[in-house]
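Encoded as structure tokens, the structure appears first; notes follow it.
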Amino acid sequence: MEIKQKQIGNLLTFNSQRIFLAGSVLASFGILLVTVGGSWDITNHLLNKPETFFSPPHALMYSGVAIALIGVVTSFFGYRKMQDAKFVFRLPLQLTFFGIFLLVGAGPFDFVWHSNFGLDGLLSPPHLTLISGMLFCSLGGMFGITRFLKFNPSRKILNYLLVLGILPVWLAGSGIISSLSLPFSNTEYFEFNPDPSFAFVVATLAYPFLISLICITSTILSGFRPGIISIVGGLFLLIYGLTAIVPNFAMIESVEFYSMNIIPFLITDLMVSSKKTKFSLFVSGGILGSVFYMVYYPYVMYTYNELLLGKLVSPSMIYHTYFELMPQVIQLTIIPSIIMGLIAVVISFRLSSTIMIED
Amino acid sequence: MIGVIVISLGVYFVMTVYVLPEKFLAKEQFTPSPILEVKISNTEINLGESFRVSTVSENIGEYGDIHIVSIAFPTLSEIDEIVRIVSYDFSNSPIYIAAGDRIGANYSGGLESVIAEYPAIEAMNRPTHPGTKYVMDLQITPKIPGPFVVYVKSIDIPHTSSQSHYPKEGKMDHQGEYVFDYTIKVNP
């Protein structure tokens with residue numbers, strides 16, 4: 000009788016954890032849609048200057064919020080039914096709850112802001128609320144997926160769910176850095192554009208840190224599984240390419256340049272998955288940090304242009320100005336970007352331990 | 005394996021930092037080029053009557069980011085109910101510029117600016133593909149007799165040379181940019 004009760008208890012726990020996983024997957028997928036919509040929205044504003052809140056990128060973003068909300072609710076029901084292991088999934092649930100609270104609040108806040116002050120720029124109180132919500136929610140999704148995979152070793156293919164967990168974190172993190180560094184935030188009512196020197200420092204330190212942190216953390220969490228860095232990096236490039244380059248007719252031919260960026264991800268993937276040493280992780284972190292100016296093509300150019308050239312750059316002139324700036328930017332940023340890539344490796348060890356609940 | 009990694013990394017940096025940038029910088033930037041046809045329905049009207057200003061513009065050059073048609077009224081201090089937009093097919097709603105507003109000057113795309121001396125209506129299409137035509141039709145009902153002056157011009161952005169504005173010569177407006185000017189006699 001006692002054994003049977005224990006078996007039922009184990010089954011309930013396993014099923015509730017699967018429900019929690021499904022919720023985390025939905026939350027991550029929802030945030031992925033929000034981030035893709037966000038990147039598309041920046042391009043849409045730059046190219047078409049839409050005059051209404053109701054645009055296709057906004058529709059994609061708020062569909063993503065709805066999916067993430069369903070995911071958080073699903074996770075909550077899974078969590079409630081758990082017999083044990085609640086402590087494992089408490090942090091992911093708290094993160095997604097806080098994130099979705101900010102996200103759901105950001106929608107009406109954004110609409111009210113638009114109604115009162117017209118179209119806002121990239122950095123505005125509602126947008127900052129939205130992006131912070133994206134980051135917290137995506138972190139919760141990633142923690143939930145990773146912890147499920149750690150405590151429920153199952154089919155290998157499920158390990159690639161980690162990619163779905165990590166990618167929205169990268170995109171949301173990029174969104175915060177872009178908000179704090181791109182000069183797209185002045186409007187008729189407010190001048191929220193960051194100071195050009197501050198923006199220069201933020202972009203130079205934060206982008207390389209984030210690329211390295213995401214890629215190295217993903218490989219550690221996957222147990223150095225081959226292909227993880229390449230898939231995460233490749234999907235990031237694909238999303239940026241489709242939302243920031245392809246919609247701009249004048250930039251389509253530069254896809255040739257942008258697609259070269261898969262090489263550093265393939266190289267570091269090969270190095271890390273075959274060597275599995277701390278040294279290989281540090282070398283990879285340095286390489287990944289050093290390529291940030293290329294990976295964040297094209298919009299990163301606007302940040303450096305503010306301080307180094309001060310040119311007025313209309314959308315069809317982006318790649319000319321980008322390449323014109325390239326030698327100067329690389330000269331100024333190569334060392335700090337490598338250092339930030341290395342620092343990110345150290346942080347990746349700690350972050351991975353926190354996610355995997357390892358002392 | 006180290007050899008493969010070093011060679012791949014070398015190829016990557018050589019291609020992205022030297023070869024491809026050289027190739028792209030060697031290419032000419034797009035030069036959009038507007039033309040503009042203006043029809044004024046009357047050259048003389050009686051006070052209380054209206055006349056129409058109809059514009060058909062086109063980008064006959066290469067792809068551009070913005071196609072602008074501006075219609076200004078140097079004899080007015082404010083547009084009020086004198087000027088009414090009857091129709092337009094630009095992607096963005098036309099904007100009203102009031103006397104005293106800060107506006108771009110000298111085809112600088114906003115880098116140089118001046119204070120507007122008189123009101124105008126500006127319509128924009130973003131982006132502008134070659135061969136696309138844009139129309140705007142205004143109805144104007146002057147409130148005082150005398151000469152009523154209308155300035156019309158078109159500018160494409162990026163403005164890389166004199167190819168990117170129309171007309172290319174003639175009278176200059178308060179922005180230091182060439183315009184067609186039309187005078188309609190309003191009889192008392």
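These protein sequences, in sequence, are chains V and P.
Throughout the first sequence, residue numbering follows the working numbering, covering 0 to 358 in sequence.
Throughout the second sequence, residue numbering follows the working numbering, covering 5 to 192 in sequence.
Note that the Cβ used here is the ideal one computed from N, Cα and C, for glycine as well.
Here the structure is a predicted model, which means the values were calculated and not measured.
Quick one: is L68 (chain V) near chain P, going by C-beta distance under 7 Å?
By 1-based counting over the first sequence, the position of residue 68 (chain V) is 69. Interface residue (Cβ-Cβ distance to chain P less than 7 Å): L68 (chain V) is not classified as such.
Inter-residue CB distance, K157 (chain P) and E181 (chain P) (contact presumed, cutoff 8 Å)
Locating residue 157 (chain P) in the second sequence gives position 153, where the first residue counts as 1. Locating residue 181 (chain P) in the second sequence gives position 177, where the first residue counts as 1. A Cβ-Cβ distance of about 6 Å is found for the pair K157 (chain P) and E181 (chain P), placing them in contact under the 8 Å criterion.
Under 7 Å between C-beta atoms of A26 (chain V) and V64 (chain V):
Along the first sequence, read from residue 1 onward, the residue named residue 26 (chain V) stands at position 27. Along the first sequence, read from residue 1 onward, the residue named residue 64 (chain V) stands at position 65. If you check the CB distance, A26 (chain V) and V64 (chain V) do not come in under 7 Å.
Measuring only between beta-carbons, confirm whether Y138 (chain P) sits less than 7 Å from chain A.
Within the model displayed, chain A is absent; protein chains V and P are what it includes.
Between the Cα of F135 (chain V) and those of V:S283, V:L350 and V:Q93, spot the shortest distance and give me the residue it belongs to.
Position 136 of the first sequence, counting from 1, holds the residue named residue 135 (chain V). Per the Cα distances, V:Q93.
With a floor of 4 residues, list each alpha helix (DSSP H) that falls wholly inside the stretch 116–159 of chain V, ordered by position along the chain.
Runs found: 124–150.
Is V33 (chain V) helix, strand or coil by DSSP?
Counted from its first residue, the first sequence places residue 33 (chain V) at position 34. If DSSP states are grouped into helix, strand and coil, V33 (chain V) belongs with the helices.
Could you have a look at R349 (chain V) and say whether DSSP puts it in helix, strand or coil?
By one-based count along the first sequence, residue 349 (chain V) stands at place 350. Correct three-state label for R349 (chain V): helix.
Are the beta-carbon atoms belonging to T267 (chain V) and I286 (chain V) less than 7 Å from one another?
Indexing the first sequence from 1 puts residue 267 (chain V) at position 268. Indexing the first sequence from 1 puts residue 286 (chain V) at position 287. Yes.
Here's a check: name, in chain order, each residue in its chain whose Cβ is nearer than 6 Å to the Cβ of S74 (chain P), leaving out the five neighbours to either side.
Against the second sequence, residue 74 (chain P) aligns to sequence position 70. The beta carbon of S74 (chain P) sits closer than 6 Å to those of A124, E126 and K157, all from its chain and outside the five residues before and after it, given in chain order.
State yes or no: is the C-beta of G22 (chain V) within less than 7 Å of the C-beta of G77 (chain V)?
For this step, residue 22 (chain V) is matched to residue 23 along the first sequence. For this step, residue 77 (chain V) is matched to residue 78 along the first sequence. For the 7 Å CB-CB criterion, G22 (chain V) and G77 (chain V) form a contact.
Which chain P residues are close to A249 (chain V), counting only those with a beta carbon under 7 Å from its beta carbon?
For the purposes of this step, residue 249 (chain V) is identified with residue 250 of the first sequence, where counting begins at 1. Using a Cβ-Cβ cut-off of 7 Å, A249 (chain V) is close to F34 and Y67 of chain P, given in chain order.
For L224 (chain V), which of V:P182, V:M270, V:P263 and V:T203 has the nearest alpha-carbon?
Along the first sequence, one-based indexing puts residue 224 (chain V) at 225. Contrary to the premise, residue 224 (chain V) reads as Arg rather than Leu in this sequence. Ranking V:P182, V:M270, V:P263 and V:T203 by CA distance to the CA of R224 (chain V) puts V:M270 first.
Excluding the 5 residues flanking N304 (chain V) on each side, which residues of the same chain have their C-beta closer than 7 Å to its C-beta?
To locate residue 304 (chain V), count along the first sequence from 1; it is residue 305. Cβ neighbours of N304 (chain V) beyond the five flanking positions: K310, V312, T320 and L324.
Are the CB atoms of M316 (chain V) and F208 (chain V) within a distance shorter than 7 Å?
Your numbering for residue 208 (chain V) matches position 209 in the first sequence. Your numbering for residue 316 (chain V) matches position 317 in the first sequence. In terms of Cβ geometry, F208 (chain V) and M316 (chain V) do not form a close pair [threshold 7 Å].
Using a Cβ-Cβ distance cut-off of 7 Å, determine whether L80 (chain P) contacts chain V.
On the second sequence, residue 80 (chain P) is found 76 positions in, with the first residue counted as 1. Answer no: the Cβ-Cβ gap between L80 (chain P) and chain V never drops below 7 Å.
What does P314 (chain V) touch in chain P if you count any residue whose Cβ is under 8 Å from its own?
For the purposes of this step, residue 314 (chain V) is taken as residue 315 along the first sequence, with counting starting at 1. The contacting residues are D69 and P131.
With H, G and I counted as helix, E and B as strand and the rest as coil, what does DSSP make of S117 (chain P)?
Here residue 117 (chain P) refers to the residue found at position 113 of the second sequence. Strand at S117 (chain P).
Straight-line Cα distance separating G113 (chain P) from I354 (chain V):
In the first sequence, the residue the question calls residue 354 (chain V) occupies position 355. In the second sequence, the residue the question calls residue 113 (chain P) occupies position 109. Distance between the alpha carbons of I354 (chain V) and G113 (chain P): 50 Å.
Please decide whether H44 (chain V) counts as near chain P, where near means a Cβ-Cβ distance under 7 Å.
In the first sequence, counting from the first residue as 1, residue 44 (chain V) sits at position 45. Cβ-Cβ to chain P under 7 Å: no for H44 (chain V).
Can you confirm whether I266 (chain V), when its beta carbon is compared against all beta carbons of chain P, has any partner nearer than 7 Å?
Working through the first sequence from its first residue, we reach residue 266 (chain V) at position 267. Using beta-carbon distances, I266 (chain V) counts as an interface residue toward chain P, with a partner under 7 Å.
At 8 Å on the CB atoms, spell out the chain P contacts of L311 (chain V), in chain order.
If you number the first sequence from 1, residue 311 (chain V) lands on position 312. Here the neighbours are S112, G113, G114 and L115.
When DSSP labels each residue in this structure, what does P207 (chain V) get in the three-state scheme?
Residue mapping note: residue 207 (chain V) aligns to position 208 of the first sequence, counting from 1. Assigned with DSSP and collapsed to three states, P207 (chain V) falls in helix.
When the Cβ atoms of the stretch 131–144 of chain P are set against those of the stretch 43–63 of chain P, are three or more pairs found closer than 8 Å?
The stretch 131–144 of chain P vs the stretch 43–63 of chain P: in contact.
Can you pull the chain P neighbours of L269 (chain V), defined as C-beta to C-beta under 8 Å?
Here residue 269 (chain V) is taken as the residue at index 270 of the first sequence, counted from 1. Under the 8 Å cutoff, chain P gives M5, V8 and I9.
Determine the direct distance from the alpha carbon of P25 (chain P) to that of R89 (chain V), and round the result to whole angstroms.
Looking up residue 89 (chain V) in the first sequence gives position 90. Looking up residue 25 (chain P) in the second sequence gives position 21. Annotation: R89 (chain V) to P25 (chain P) spans about 49 Å, alpha carbon to alpha carbon.
Would you mind telling me which residues of chain P sit closer than 9 Å to H319 (chain V), beta carbon to beta carbon, in chain order?
Within the first sequence, the letter at position 320 stands for residue 319 (chain V). Taking the beta carbon of H319 (chain V) as reference, the chain P residues within 9 Å of it are F28, L29, K31 and Q33, listed in sequence order.
Assign Y16 (chain P) to buried or exposed, taking buried as 16 or more other Cβ atoms, counted over all protein chains shown, within 10 Å of its Cβ.
Within the second sequence, residue 16 (chain P) is the residue found at index 12, counting from 1. Burial of Y16 (chain P) is indicated by the presence of at least 16 other C-beta atoms within 10 angstroms of its C-beta.
In chain order, what residues of the same chain lie with their CB nearer than 7 Å to the CB of S37 (chain P), ignoring the 5 residues before and after it?
As a position in the second sequence, residue 37 (chain P) is number 33, starting the count at 1. Cβ within range, chain order: N63, I64, G65, D160, Q167 and S168.
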